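Peer 1:
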Amino acid sequence: MHRPSPFSFTRRGFVTASTLATAGFIFGCGKQSPAVAASSAAKAPSGPVTLVEFSDDGKRLRTATLPKVVKTEAEWRKQLSPDAFVVARREGTERAFTGALLNVHDKGVFRCICCDTALFDSATKFDSGTGWPSFWQPIARENVREHEDRSYGMVRTAVSCTRCDAHLGHVFDDGPRPTGLRYCMNSVAMKFAKAA
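Okay, structure coming up:
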């Protein structure tokens, strides 16, 4: 009679667990509909950009035309933590439920970790249950850029900072009212500026 090796289950279990973990990582921010993908913006501009500046309490200050922030890989590595570099400059994704900003509910503004551009007002943050900070709209459409992401064999809409092209996360059309959108962001790509 053939008895299975005690390592057969372990190997099979490892392969199954690895497959599930990979699928969770890839699909963790949810499935995207073609409607959101169709609304993706074109490639990032290379010249000056027009942004809306905000105070830390979310008050709109002014519209400003500013130069793009462009740095070498070495400069970004020096400025950012290793995790922030991988996510913001290499389009990585932090593990679900590990981000420092996931449970931040204070009044304030979420800003780009690379260039300090205002990205999201805390008033638009909601608990999506995905393990990443989620918002139903950016603080200003001018401050974020959406573009098609075809990685991992699927089509999604990636979200980047307009001023420095830092990868922030992805946007999906399964969010709450009033927009129906879910901006699924990586904590390490942002910093929180608490209102005074």
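Okay, so the sequence shown: first residue is 1 according to our numbering, each after it adds one. Positions of the beta carbon are idealized from the N, C-alpha and C atoms, including for glycine. As the structure is a computational prediction, the values presented were derived from the model and not from experiment.
Per the contact definition of three or more C-beta pairs closer than 8 Å, is the segment 114 to 131 in contact with the segment 142 to 162?
Peer 2: Yes, they touch.
Peer 1: Do you know how far the Cα of Trp136 is from the Cα of Pro176?
Peer 2: Indexing the sequence shown from 1 puts residue 176 at position 176. Indexing the sequence shown from 1 puts residue 136 at position 136. Cα to Cα, the separation comes out at about 7 Å.
Peer 1: Flag this pair as yes or no: are the beta carbons of Gly108 and Phe54 separated by less than 8 Å?
Peer 2: One-based indexing of the sequence shown puts residue 108 at position 108. One-based indexing of the sequence shown puts residue 54 at position 54. No, they are not a contact pair.
Peer 1: With three or more C-beta pairs closer than 8 Å as the rule, is the segment 86 to 97 touching the segment 140 to 148?
Peer 2: Too few Cβ pairs lie closer than 8 Å, so no.
Peer 1: Measuring CB to CB, does Trp132 end up less than 8 Å from Met190?
Peer 2: Residue 132 sits at position 132 when you count from the first residue of the sequence shown. Residue 190 sits at position 190 when you count from the first residue of the sequence shown. Not a contact, by the Cβ cut-off of 8 Å.
Peer 1: Report the CB separation of Ala84 from Ile113 in whole angstroms; it is logged as a contact under 8 Å.
Peer 2: Your numbering for residue 84 matches position 84 in the sequence shown. Your numbering for residue 113 matches position 113 in the sequence shown. Rounded, the Cβ-Cβ distance is 5 Å, consistent with contact.
Peer 1: Quick check: the Cα distance between Thr63 and Ser46, rounded to an integer number of angstroms?
Peer 2: Indexing the sequence shown from 1 puts residue 63 at position 63. Indexing the sequence shown from 1 puts residue 46 at position 46. Each residue's Cα considered, the two are about 19 Å apart.
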